[in-house]
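>
In UniProt numbering, the protein residues as written are 1 to 607.
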């Protein structure tokens, strides 16, 4: 009885905290004496798992998680951390073969017997590895199911205890498209939209398998599941402000349009690896959409017919050979544009001045996927303020260099930031001066020169089937232009090597940009995965040995002060530039540069 009375007194103290009573009652518990709004602010900074654990402290604490203004719940955060690292089949074969050869019991056997034992050991090792991989996959599937169920339970529990007359709430939920969890979450959110003040609502809908691991049957199955989810939860989708979808194939060609019609409040819409059974022209008309991301999707054409509030567009990795696969209609506020693709022999090149004719883009990113794909011999007539110089070259990019006229120049007049991502290594960079001259207001220029085998197709047969060209092209003739750029302040070059073509290009930029303040020269980016991929593939395919100079060639970055001074002497000689040149390794990337030169700077979802 005495214990019950003490609990009641403690509960009253927690319900109406007072500084003096709390210190007297429990001098070690000072945090509970704080007002609710401060405690809620603290909980809002924690992940949902940590925040909900505080509910067991007392009756007062049990009510606080339901008061947080931004409720973010992700099934990914509830998964157990992965501790086992997968090993490739090639590595298993290598290790097993080496172990058999070193075994003293095999020292005296014949060559034929050694081959037999090696083959048996390799077969057993691969079978064991496959069994382990299957067990890990099953365990991962179970873990995702448990985490998914937890998302549904937590969101339902917290929203059920929330005061309908309280402050507005913002909801952000990430869950897997499996079982009945999506529909449960949809009904809970739909009811919350009807009874609570929901300021924002976000759905990130994931699939159990990632993009490259999904078969046709997988994406069709996922698409069917999403359609059922969508049809059951129209109320929730009607109030969503952000929606991300991945790995879906819709049987109905007009279903994507149904999403746009139903989700009238969307500010962000993202598609990754989505399509319909029949390639369609996707017409986008939406009054509230601010950001649109379409990555690795198979639509015959995407037409932004009327999107008056769109400010950011990401359009990456299209498969159609149409020119262009994207049409910009009424998008008066478009300022940020991300485009990336690996061109193929039959693809038509994109003429930027025509494509961007009706826009006012200020931040432009162009990605080239490290591929060296021949597009034919093109004559470039460069428009210069003082001279015109024809250039002959074999271009290997999907963007078509063009004759820049005074009438077309206004297309790039408002461009402030340009980011050229994953340019193939070993080729003249002088073509990039086209953008510098075309954009007189450019303030920041980023360039990443990198052969990244993780994103390059290595299989000889696939390259032949998909019309990848192995023609390495020819060097460009250096132009003799005297144009001057007066606004460029920063030039960031990632993957710099002390080679003539790179030093020459930096010199060209220094000469043209008369008010340039800083030049940041970073070493080549490092990727352990592609190092291993090329190492294994190089043993069997001569093509790989010739297509990955970034991995095969020795690093020529000037690490020492002596080497850096030698490079600097080669750059500003006879130019008189006052720009400061910074030499930095790839692990010293500055915070303000990292979002634009990181591997995922294009907004790509990594598997």
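All C-beta atoms, glycine included, are put in the ideal place defined by N, C-alpha and C.
So what does DSSP say about residue 629, is it helix, strand or coil?
Nothing in the structure corresponds to residue 629, since the chain is present only between 1 and 607.
> Report back the beta-carbon spacing between residue 257 and residue 276 to the nearest angstrom; my notes put them in contact at under 8 Å.
Residue 257 sits at position 257 when you count from the first residue of the chain shown. Residue 276 sits at position 276 when you count from the first residue of the chain shown. Between residue 276 and residue 257 the Cβ distance is about 10 Å, and since that is not below 8 Å, they are no contact.
> Taking the C-alpha atoms as reference points, what is the distance between residue 284 and residue 39?
Counted from its first residue, the chain shown places residue 284 at position 284. Counted from its first residue, the chain shown places residue 39 at position 39. About 44 Å.
> Decide if residue 450 is buried, meaning its Cβ has at least 16 other Cβ atoms within 10 Å, or exposed.
On the chain shown, position 450 is the one that residue 450 refers to. Under this definition residue 450 is a buried residue.
> Measuring only the C-alpha atoms, how far is residue 186 from residue 584?
One-based indexing of the chain shown puts residue 186 at position 186. One-based indexing of the chain shown puts residue 584 at position 584. Near 49 Å, if we compare the C-alpha coordinates of residue 584 and residue 186.
> Look at the Cβ atom of residue 205, then the Cβ atom of residue 247, and state whether they are nearer than 7 Å.
Position 205 of the chain shown, counted from the first residue, corresponds to residue 205. Position 247 of the chain shown, counted from the first residue, corresponds to residue 247. No, Cβ-Cβ distance for residue 205 and residue 247 is not below 7 Å.
> Roughly how many angstroms lie between the CA atoms of residue 299 and residue 259, to the nearest whole one?
Working through the chain shown from its first residue, we reach residue 299 at position 299. Working through the chain shown from its first residue, we reach residue 259 at position 259. Between residue 299 and residue 259, the C-alpha separation is close to 16 Å.
> By Cβ distance below 7 Å, which residues in the same chain neighbour residue 106 in space, the five residues on each side in sequence not counted?
Stepping through the chain shown from its first residue, residue 106 is reached at position 106. Within the same chain, residue 106 has close Cβ partners 100, 114 and 117.
> Of the choices 595, 307, 133 and 577, whose alpha-carbon is the least far from that of residue 365?
Locating residue 365 in the chain shown gives position 365, where the first residue counts as 1. Looking at the Cα atoms, 595 is the closest of the given residues.
> Am I right that residue 430 and residue 505 are in contact with their C-beta atoms under 8 Å? What's the rounded C-beta distance?
Numbered from its first residue, the chain shown carries residue 430 at position 430. Numbered from its first residue, the chain shown carries residue 505 at position 505. At roughly 7 Å, the Cβ-Cβ gap stays under 8 Å, so residue 430 and residue 505 are in contact.
> Quick one: is residue 590 buried, meaning 16 or more other Cβ sit within 10 Å of its Cβ, or exposed?
The sequence position of residue 590 within the chain shown is 590, counting from 1. When all chains shown are included, residue 590 counts as exposed.
> Excluding sequence positions up to five away, which residues of its chain have a Cβ less than 6 Å from the Cβ of residue 587?
For the purposes of this step, residue 587 is taken as the residue at position 587 of the chain shown. None.
> Measuring only the C-alpha atoms, how far is residue 418 from residue 570?
Translated into positions along the chain shown, residue 418 becomes position 418. Translated into positions along the chain shown, residue 570 becomes position 570. About 26 Å.
> Taking only the alpha-carbon atoms, compute the straight-line gap between residue 295 and residue 304 and give it to the nearest angstrom.
Translated into the one-based positions of the chain shown, residue 295 becomes position 295. Translated into the one-based positions of the chain shown, residue 304 becomes position 304. Residue 295 and residue 304: Cα-Cα distance of roughly 15 Å.
> State the start and end residues of the unbroken alpha helix (DSSP H) segment that holds residue 223.
Counting from 1 along the chain shown, the entry for residue 223 is found at position 223. From DSSP, the alpha helix (DSSP H) with residue 223 extends over 216-232.
> According to the neighbour-count rule (16 or more other Cβ atoms, all chains shown, within 10 Å of its Cβ), is residue 474 buried or exposed?
As a first step, residue 474 must be located in the chain shown, where it is residue number 474. In this prediction, residue 474 has a pLDDT of 35, which is less than 50 and means its spatial position is unreliable; what the coordinates show is noted afterwards. Exposed, since its Cβ has fewer than 16 Cβ neighbours within 10 Å.
> Cβ of residue 170 within 7 Å of Cβ of residue 196?
Here residue 170 is taken as the residue at index 170 of the chain shown, counted from 1. Here residue 196 is taken as the residue at index 196 of the chain shown, counted from 1. Cβ distance not < 7 Å, so residue 170 and residue 196 don't count as in contact.
> For residue 367, tell me which candidate among 317, 414, 355 and 415 has the shortest Cα-Cα distance.
What you label residue 367 is simply residue 367 of the chain shown in a count that begins at 1. Nearest C-alpha to residue 367: 317.
> Please classify residue 293 as buried or exposed, where buried requires at least 16 neighbouring CB atoms within 10 angstroms.
Here residue 293 is taken as the residue at index 293 of the chain shown, counted from 1. The residue in question, residue 293, is buried, as its Cβ has 16 or more Cβ neighbours within 10 Å.
> Do residue 143 and residue 190 have their C-beta atoms within less than 7 Å of each other?
Here the question's residue 143 lines up with position 143 in the chain shown. Here the question's residue 190 lines up with position 190 in the chain shown. Going by C-beta atoms, residue 143 is not nearer than 7 Å to residue 190.
> Could you give the first and the last residue of the continuous beta strand (DSSP E) run that contains residue 513?
Taking the first residue of the chain shown as 1, we reach residue 513 at position 513. Unbroken run through residue 513: none, as it is neither H nor E.
> Which two residues bound the contiguous alpha helix (DSSP H) that contains residue 294?
Translated into the one-based positions of the chain shown, residue 294 becomes position 294. Note, residue 294: premise wrong, no alpha helix (DSSP H); beta strand (DSSP E) at 291-295.
> Measure the C-alpha to C-alpha separation of residue 592 and residue 563 and round it to an integer number of angstroms.
Residue mapping note: residue 592 aligns to position 592 of the chain shown, counting from 1. Residue mapping note: residue 563 aligns to position 563 of the chain shown, counting from 1. Spanning the two alpha carbons is a distance of roughly 26 Å.
> On the three-state DSSP scale, how would you describe residue 330?
Start at 1 with the first residue of the chain shown, and residue 330 comes out as number 330. Reduced to three states, the DSSP call for residue 330 is strand.
> On the DSSP letters alone, give me the boundaries of the beta strand (DSSP E) that residue 423 sits inside.
The count along the chain shown starts at 1 and reaches residue 423 at position 423. Counting along the chain, the beta strand (DSSP E) containing residue 423 begins and ends at 417-423.
> Tell me the DSSP secondary structure of residue 589 in three-state form.
In the chain shown, the residue the question calls residue 589 occupies position 589. Of the three classes helix, strand and coil, the one that applies to residue 589 here is coil, per DSSP.
> How is residue 172 classed by DSSP in three states: helix, strand or coil?
For the purposes of this step, residue 172 is taken as residue 172 along the chain shown, with counting starting at 1. Three-state result, residue 172: strand.
> Find the nearest neighbour of residue 660 within the set 290, 327 and 341, judged by alpha-carbon distance.
Absent from the structure is residue 660, since the part of the chain shown begins at 1 and ends at 607.
> In terms of residues, what are the limits of the alpha helix (DSSP H) holding residue 563?
To locate residue 563, count along the chain shown from 1; it is residue 563. Residue 563 -> alpha helix (DSSP H) spans 561-570.
> Could you compute how far the alpha carbon of residue 498 sits from the alpha carbon of residue 556?
As a working note, residue 498 is residue 498 in the chain shown. As a working note, residue 556 is residue 556 in the chain shown. When rounded, the distance between both Cα atoms is 5 Å.
> In chain order, what residues of the same chain lie with their CB nearer than 7 Å to the CB of residue 369, ignoring the 5 residues before and after it?
Along the chain shown, read from residue 1 onward, the residue named residue 369 stands at position 369. Within the same chain, residue 369 has close Cβ partners 340, 341, 342, 422 and 455.
> CB-CB under 6 Å to residue 166, same chain, minus the five flanking residues each way: which ones, in chain order?
In the chain shown, the residue the question calls residue 166 occupies position 166. Closer than 6 Å at the Cβ level, and outside the excluded window around residue 166, lies no residue.
> If I follow the unbroken beta strand (DSSP E) through residue 72, where does it start and stop?
Within the chain shown, the letter at position 72 stands for residue 72. 70-74 is the span of the beta strand (DSSP E), which, as asked, contains residue 72.
> Based on Cα-Cα distance, which residue from 202, 176 and 351 lies nearest to residue 210?
To locate residue 210, count along the chain shown from 1; it is residue 210. It is 176.
> When we look at the beta-carbon of residue 523 and count the other beta-carbons within 10 Å, is it buried (16 or more) or exposed?
As a working mapping, residue 523 is identified with position 523 in the chain shown. Buried.
> Which whole-angstrom value describes the C-beta separation of residue 484 and residue 517, a residue pair presumed to lie in contact below a C-beta threshold of 8 Å?
Reading the chain shown from its first residue, position 484 is the one you call residue 484. Reading the chain shown from its first residue, position 517 is the one you call residue 517. Contact flag wrong, Cβ pair sits at about 15 Å.
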